[in-house]
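The structure appears below as structure tokens.
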Amino acid sequence: EPLITIDDIGRKYVIGAEVIHALKSVSLTINKGEFVALMGPSGSGKSTLMNILGCLDTPTKGKYVLNNIDVSHMTDNDLAEVRNKEIGFVFQTFNLLPRNSALDNVALPLVYSGVNKENREKRAKAALENVGLGHRIDHKPNELSGGQRQRVAVARALINNPSIILADEPTGNLDTKTSVEIMGLLEDIHAKGNTIILVTHEEDIALHAHRIVRMRDGLIEKDYANENIAKVE
Ligand code: ADP
Ligand code: ADP
2 EPLITIDDIG
12 RKYVIGAEVI
22 HALKSVSLTI
32 NKGEFVALMG
42 PSGSGKSTLM
52 NILGCLDTPT
62 KGKYVLNNID
72 VSHMTDNDLA
82 EVRNKEIGFV
92 FQTFNLLPRN
102 SALDNVALPL
112 VYSGVNKENR
122 EKRAKAALEN
132 VGLGHRIDHK
142 PNELSGGQRQ
152 RVAVARALIN
162 NPSIILADEP
172 TGNLDTKTSV
182 EIMGLLEDIH
192 AKGNTIILVT
202 HEEDIALHAH
212 RIVRMRDGLI
222 EKDYANENIA
232 KVE
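In terms of the UniProt record's numbering, the sequence shown has 213 at position 212, counting the first letter as 1, and numbering is strictly consecutive.
Okay, structure coming up:
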């Protein structure tokens, strides 16, 4: 059953007299439970596509249906609501609030969902335990290592039970050993039935995904099953 259906979407930017076709024509179907790596050279349209997938932006042509919701022409407010419910984001730079504890960072999306404080804290604590940080819930981001910060971000991404996890270069700021640990965590999350879309320019990292989509010049150049899936012990 498709979770994401993208049909002939385009995204153009108009700057004065110049028109940039960041996405020309992209069609893509992603089923529930898939683990997809999105690759491609700089400027090929990965960020533009991720922004649309993440409901941060809408296409200028074509149709995007996420979890049976047509989000192609939504207003910003409606899009924000879909985003909070359906999408968990993980970023290269972690994007944690620096003055807040790990617990408060993870609980934040539940504020937007209208969950009461007691339940927010209970759920955030359980989410942090699930990523191996039960002993760090009161720590602030600068009191945590890079890998621990990314674990907090992963816990935050999962807290609303989103239908997809969008991870944009999640290992981009981590050393090799820590990158492998974070990929192991994403593998575990995938094994529990979650759908993950990962942007990376590192071939070794992409090999943890089960499907690889390669972009070039605003088009999908290649879309194939990964026959050499890398696994973290
Ligand atoms: P990638 O993430 O693969 O590097 P992008 O999606 O960022 O690619 O960019 C695709 C193309 O769209 C590039 O030519 C880029 O310069 C252009 N582009 C991206 N965002 C904007 C924007 N906000 N305004 C104008 N052009 C943009
Ligand atoms: P609106 O555009 O309706 O005013 P907001 O900008 O407050 O909504 O939030 C839009 C969405 O972005 C929210 O649904 C929430 O999930 C997310 N969001 C906003 N601020 C933060 C933040 N500081 N940290 C994490 N997520 C946030």
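Quick reminder that beta carbons are idealized off the backbone N, C-alpha and C, glycines included.
In this chain, the beta strand (DSSP E) harbouring Ser-28 covers 19-32. Burial state of Thr-76 is exposed, judged by a 10 Å Cβ sphere holding fewer than 16 other Cβ atoms. Minimum Cα-Cα distance from Gly-55 among the listed residues Lys-33, Asp-71, Gly-89 corresponds to Gly-89. Excluding sequence positions up to five before and after Leu-186, its CB lies within less than 7 Å of the CB of Val-132, Arg-152, Val-155, all in the same chain and listed in chain order. Per DSSP, the beta bridge partners of Val-37 are Ile-198, Arg-212. The closest CA to that of Glu-2, considering only Ser-164, Asn-143, Leu-134, Ile-53, is found on Ser-164. Look at Ile-166 here: in three-state DSSP terms it is strand. In terms of Cα proximity to Tyr-225, the closest of Asp-105, Val-15, Thr-30 is Thr-30. In terms of side-chain proximity, the C-beta atom of Ala-23 is found nearer than 7 Å to a non-hydrogen atom of ligand 1.
Closest in C-alpha terms to Gly-147, from the list His-22, Lys-178, Arg-215, Leu-111, comes Lys-178. Close CB contacts of Val-107 within its chain, under the 7 Å cut and outside five residues either way in sequence, are with Ala-125, Ala-128, Leu-129, Val-153, Ala-156, Arg-157, Ile-160 (chain order). Put simply, the backbone Cα of Val-200 is about 31 Å away from that of Ala-18.
If you check the CB distance, Leu-104 and Asp-139 come in under 8 Å. Judged by the Cβ position, Lys-47 qualifies as a neighbour of ligand 1 at the 7 Å threshold, a heavy atom of the ligand being closer than this.
Fewer than three pairs of CB atoms, one per stretch, sit closer than 8 Å, so the region 210-223 makes no contact with the region 55-71.
Under the criterion of beta carbons closer than 8 Å, Ile-213 and Met-40 qualify as touching, at roughly 6 Å.
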